[in-house]
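With this note's numbering as the guide, the letters of the sequence shown map in order to residues 765 to 1011. The beta carbon of each residue, even a glycine, is placed where N, CA and C say it ideally should be. Computed from a predicted structure; not experimentally measured. Everything below concerns the one structure shown next.
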Amino acid sequence: MVGKVYIVGAGPGDPELLTIKALRAIEEADVILYDRLVGDEIIEMLKRMGKELIYVGKNSNEKGGNRQREINEMLRKLAEEGKIVVRLKGGDPFVFGRGGIEAEYLAEHGIPFEVIPGVSSINSVPASAGIPLTHPELSSSILVVTGKDGVERWCESILNGTLVILMGRNNIKEICNNLIRAGRSPDTPIAVIENGTLKNQRVFFGTLKNIADIIEKEDVTGPTLIVVGEVVNVAKKIVNPKIFSSL
Ligand SMILES: C[S@@+](CC[C@H](N)C(=O)[O-])C[C@H]1O[C@@H](n2cnc3c(N)ncnc32)[C@H](O)[C@@H]1O
């Protein structure tokens, strides 16, 4: 019997910012593989729960790629032994967290897995310091970048990076046309997610040139979030109904 891997976001460090779903997965886990950024208080809590813990964070002199291969293989091996494995990552596992790479690996190897989103540092850390990321009079966009890239790359984000658009459903045709006019390829992948994380979640995939027609045919009335960029194609690799569960 193959076990299961939960790829879990631990939030920014405060144990009270772990989600109920994360806590349930932790309770169920036989073994937990965790990173450096998982808060010390959370690790203390896991020890008190008597969980088997394996530290897999990389040292500063280590190559990320080699370490990642080892982690992928550990996840597979433990699941093949029938274990329930929690892969615990700081913040959200799909935000600068290599969670997507692990999910792709598990999907390729037919290992059942579930992604449990976490409270990302992106929004929680500024909020805890009293900084609203948007403000009706001050800012209507947020640019999230890695500091490992130079500023000149950040300026290209609108053309190359992942773009997340809230409140865009009714203007989707205009948004796509404007993005193409601004220089994004008409074939750029785009996903429209309605009622995300709820039981009635629906995800529509397309490209900048055809998504407006696709969602016009559907009765999309719930709240929607739009994602533009090559990362949208990762979902096509990992969302295998037999092994991937997110709800
Ligand atoms: C590899 S990224 C992982 C991000 C994480 N997956 C997330 O969603 O927050 C690590 C970076 O996130 C930021 N970060 C994460 N937790 C933080 C915290 N509690 N306070 C400040 N910055 C934090 C820091 O910039 C840190 O170097």
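Q) Is the number of C-beta pairs between the region 829 to 843 and the region 856 to 869 that are closer than 8 Å three or more? A) The region 829 to 843 makes contact with the region 856 to 869, as at least three CB pairs between them are under 8 Å.
Q.
So the candidates are 859, 981 and 899; which of them puts its Cα closest to the Cα of residue 926?
A. Out of 859, 981 and 899, the CA that lies nearest to the CA of residue 926 is found in 859.
Q | 3-residue-minimum beta strand (DSSP E) runs that sit fully inside the region 822 to 890, ordered along the chain | A | 848 to 853 and 877 to 880
**Q.** Exposure of residue 769, with buried meaning 16 or more beta-carbon neighbours within 10 Å
**A.** buried
Q: Could you check if residue 774 is buried or exposed, using at least 16 other CB atoms within 10 Å of its CB as the buried criterion?
A: buried
(Q) Taking the alpha helix (DSSP H) that residue 1006 belongs to, which residues open and close that run? (A) That residue, residue 1006, is in no alpha helix (DSSP H); it is neither H nor E in DSSP.
Q | Cβ neighbours of residue 840 in the same chain (closer than 8 Å, five flanking residues each side left out) | A | Correct list, in chain order: 869, 870, 873 and 875.
Q. In terms of DSSP beta bridges, what is residue 777 paired with?
A. Answer is none; residue 777 lacks a bridge partner.
(Q) Strictly by DSSP, which residues pair up with residue 970? (A) 954
Q. Just the Cα atoms here: how many angstroms apart are residue 978 and residue 940?
A. Using only the alpha carbons, I get a separation of about 13 Å.
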